[in-house]
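Shown next, in structure tokens, is the structure this report addresses.
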Amino acid sequence: SLIFWLSGIVIRFFPVVAVNVEWEQMAGCYVAEFVMDNREIDVWFDENAQWVMTENDVESLEKVPAPVSEAFMESIMSSMRLKDVRIITFPKHPTIIVIEVEVYNSNEEFQLFYSPDGKLQQQLNVSELGGEIYPGLFD
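Going by the numbering used here, the residue at position 66 of the sequence shown is 64; the numbering climbs one at a time, nothing skipped.
Written out as structure tokens, the structure is:
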């Protein structure tokens, strides 16, 4: 099966986690979910078993490039509650750091997409969407 074959790919890249991989299908992709070094990692593959992206949930500004954390801390969004920090890597696109914040005492949530040099690439209001990260956001 395709999942069995994809599991072999995951084992090659992440041998430490081979036994604890959960699979699901999302946005037309197969997603391998596992925890490594106390961080949640999602590796996305397309229907042809090609690597699409890796989502590394680092949860802290301390784990992202300094220009990104500095740019965020200087922005108006830094006054909001930090909800999530993820590093997204791709086979053919530059890395993107996604910082998710929410307004205190509100349901308003925003995702800020930074390049590693600290430039804000995109800002999305994800209050209605739930903040799910998927490959189509980066096309």
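Note that beta-carbon positions come from the ideal geometry of N, C-alpha and C, so glycine has one too.
Spatially closest choice to residue i from the options, by CA coordinates
i      : options                           : result
Glu45  : Phe32, Tyr28 and Ile86            : Tyr28
Gly224 : Gln48, Leu122, Asp82 and Ser67    : With the chain covering only -1 through 137, there is no way to say anything about residue 224.
Val99  : Glu57, Gln23, Val41 and Asp82     : Asp82
Met24  : Arg37, Phe43, Asn36 and Asp35     : Phe43
Ser76  : Phe88, Phe108, Glu126 and Tyr132  : Phe108
Glu57  : Pro65, Phe88, Asn36 and Ala64     : Asn36
Gln48  : Ser104, Gln120 and Phe88          : Phe88
Ser104 : Glu130, Tyr132, Ser125 and Leu110 : Ser125
Contact check, residue i vs residue j, beta carbons under 9 Å
i      : j      : result
Glu60  : Arg84  : no
Val19  : Phe32  : yes
Ile94  : Phe70  : no
Asp55  : Ile39  : yes
Arg79  : Tyr112 : no
Leu110 : Leu118 : yes
Pro92  : Pro63  : no
Endpoints, the beta strand (DSSP E) within which residue i is located
i      : result
Phe70  : From DSSP, Phe70 is part of no beta strand (DSSP E) but of the alpha helix (DSSP H) over Ala64 to Met71.
Asp137 : Where Asp137 is concerned, there is no enclosing beta strand (DSSP E), given that its DSSP letter is neither H nor E.
Ala30  : Cys27 to Met34
Glu53  : Trp49 to Asp55
Asp40  : Arg37 to Phe43
Glu107 : Glu107 to Tyr112
Assigned secondary structure, residue i (DSSP; H/G/I helix, E/B strand, else coil)
i      : result
Glu60  : helix
Leu127 : coil
Asn18  : helix
- Query: Which whole runs of the beta strand (DSSP E) in the region 76 to 103 are 3 residues long or more, in chain order?
  - Reply: Runs found: 79 to 87 and 94 to 100.
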